[in-house]
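Protein chains: 2
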Amino acid sequence: MSTLARSKNGKNKTGKVPVPTLERLATYLRFLGDWEQANIDTISSAEVERQTGINAAQFRKDLSYLGEFGKPGVGYNVPDLHNRIASKLKIDREQRVILVGAGNLGSALVGYPGLNEYRFNIVAAFDNNPGKIGRPLWDLTIQDVLTLKEVNQRLRARIAILAVPATAAQQVADLMVDAGIRAILNFAPVLLRVPDHVFVRNVSFVQELAVLSYHLSGEETELSADTSGPAAANGSLPDGVVAPLPASHAPSHELRKHRA
Amino acid sequence: MSTLARSKNGKNKTGKVPVPTLERLATYLRFLGDWEQANIDTISSAEVERQTGINAAQFRKDLSYLGEFGKPGVGYNVPDLHNRIASKLKIDREQRVILVGAGNLGSALVGYPGLNEYRFNIVAAFDNNPGKIGRPLWDLTIQDVLTLKEVNQRLRARIAILAVPATAAQQVADLMVDAGIRAILNFAPVLLRVPDHVFVRNVSFVQELAVLSYHLSGEETELSADTSGPAAANGSLPDGVVAPLPASHAPSHELRKHRA
DNA sequence: CGCAGCTTGTTCTCTTTTTCACAAGCTCTT
DNA sequence: AAGAGCTTGTGAAAAAGAGAACAAGCTGCG
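Protein chains in written order, with this note's numbering: chain L, 27 to 286; chain W, 27 to 286.
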């Protein structure tokens, strides 16, 4: 417990976890689920790297924000690790989420089963379209967005998904804030102005596609003709494989051969 | 042209653009569209910062990857800037995109008008569900995923959207690669193994929600009781507001007054 | 025409994030 | 029960990114 068990000095365990780490933690969680189902109860950071594409040291350091519980020479207990991460991300309990914008995207999100697996539960859906209000959306009934505050006084959701057209986004965000929402997942291509205590995270499909599009560079001169060598563009990498999951953190083309 | 016009030394104009910059470029593009519509034909980096929440120096630096064309004392020509960025991102021309997975999400994406504004055109949709094949999806007809390669021999799309269940993702990715796809926008919670020359970008709603969830910290001890002070959790910030658009880059609370 | 006022492009500094490297620590074998 | 063989946690180095600061450069006013 001298060097290894250093958490006591409150170096990591305490401070807030950086966003890149949070993103990876969510990724680990996904894999941990797989491993649990496969009855793997112990895993080493090296194996994690092999499967997730995330560097082993990175993994260990990420975990250092959760305290320590890996056993040298052995690895990490899978269920335990799962619990710790879930706990840190506050998804060991159910998290209530509300949705505003019952369009195609909103509908897809409510119907997405993945959310429940992570204990996210969309408990209400809102829209401002009179033609939609009152209608069912999967197992919910679309409600008037103007009743948002009132409704959420009961539900007490703290997370909201904003899936309305750009023009309405800011207005809706204001309503959300007023209704006690502290975190917004924003799909509208707008810069939301919200108070300090509200956390916003933006998702933009177009942006993602644009990044991909850029990387098409240097090819479409002709058609196929792979001659030159993508190696140059891709930098030199180990033989490995992989394209790390969480959109951001990895250089995006840190790939790996098919079979490690 | 001595110090200002430095691009000649091929410092920036050449090398590849880092991903965070690409993400911001896409963001600028969005705003540029707005400004064009508002008939604003010149804009300064300071104003850009005010509107996008992205630091002015950052903006100028991002632009340095495109060469130089801002006028000191004046600013940037909006249409020109728009063109340059679009060109760099290869979306000055139409970009054909194919979709695999005609579920809720896939459907929402095909129906999303924002894509066309950026010249992304979903030109084909595929699925493996016999019940879906042959059916219409907006203005497309869902085709058998097994015909992907054949169909894309005509279409020659280089970008693909992968919106199938996790279990099928890798298989579909293989098909895509075989069909000449060079860039994949992956919505499945899986680590795709693809050859070096294929670029993957992952989007995970759950991950986004998890990051948000974490930041709820320190509050839900009781219920409302906002007494303590979220300031502690959020770090000390100016009074301002704002949550920058592109999910990643900005510290998430790099804010700004509403009116400068 | 020349100076005052802004704004760009870029260099430098500071911060954040990633990776390396290794002492410390289990386990299991002999 | 002592050593071989792995694996963890973390300090230190490297890399990447963001922001401040400033020389150079337009513009337009007086």
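Positions of the beta carbon are idealized from the N, C-alpha and C atoms, including for glycine.
Just so we're clear, the structure is a prediction, and the values are computed from it rather than from any experiment.
Query, Result
"Three-state secondary structure assigned by DSSP to L/Pro162", "strand"
"CA-to-CA distance, W/Lys97 to L/Gly129, given in whole angstroms", "43 Å"
"Of the listed residues L/Pro44, L/Arg182 and L/Asn103, nearest to L/Ile66 (C-alpha basis)", "L/Asn103"
"Among W/Lys175, W/Lys114, W/Ile69 and W/Ile187, the one whose alpha carbon lies nearest that of W/Leu218", "W/Ile187"
"Chain W within 7 Å of L/Tyr240, Cβ atoms only", "yes"
"Within-7 Å CB hit, L/Arg208 to chain W", "yes"
"Beta-carbon proximity list for L/Asp88, same chain, < 7 Å, skipping 5 on both sides", "Thr47, Arg50 and Leu51"
"Whole-number beta carbon distance between L/Arg145 and L/Gln179, since they are thought to touch under 8 Å", "About 23 Å; that fails the 8 Å criterion."
"Neighbourhood of W/Arg184 by C-beta distance below 6 Å, restricted to the same chain and skipping five residues each side", "Arg208"
"Test item: CB-CB of L/Val136 and L/Ile124 under 7 Å", "no"
"Nearest neighbour of L/Phe231, chosen from L/His223, L/Phe213, L/Val220 and L/Phe225 [CA to CA]", "L/Phe213"
"Short CB-CB distance (under 7 Å) between W/Gly160 and chain L", "no"
"Listed by chain order, chain L residues near W/Ser133 by CB distance under 8 Å", "Asn130 and Ala134"
"Min CB distance W/Ile168 to chain L below 7 Å", "no"
"For L/Leu58 and L/Ser71, the rounded distance between their alpha carbons", "12 Å"
"Of the residues L/Leu242, L/Leu92 and L/Glu234, the one placed nearest W/His223, counting alpha carbons only", "L/Leu242"
"Residue interval of the alpha helix (DSSP H) (run including W/Phe95)", "Run containing W/Phe95: none; DSSP gives neither H nor E here."
"Collapsed DSSP secondary structure at W/Leu218 in the structure displayed", "strand"
"Cβ neighbour criterion (16 or more within 10 Å) applied to W/Gln22", "There is no way to answer for residue 22 of chain W, as the model of chain W reaches only from 27 to 286."
"6 Å CB neighbourhood of L/Gly108 in its chain, flanking five on each side removed", "Before going on, a small fix: residue 108 of chain L reads as His here, not Gly. The residues are Leu58."
"Within-7 Å CB hit, L/Leu211 to chain W", "yes"
"Alpha carbon of L/Ala132 to alpha carbon of L/Trp164, nearest angstrom", "In the sequence under discussion, the amino acid at residue 132 of chain L is Gly, which differs from the Ala named in the question. Between L/Gly132 and L/Trp164, the C-alpha separation is close to 11 Å."
"Limits of the unbroken beta strand (DSSP E) element including L/Arg208", "No beta strand (DSSP E) contains L/Arg208, which DSSP labels as neither H nor E."
"Residues bridged to W/Arg56 (per DSSP)", "According to DSSP, which records beta bridges pairwise, W/Arg56 is partnered with nothing at all."
"DSSP state of W/Ile111 mapped onto helix, strand, coil", "helix"
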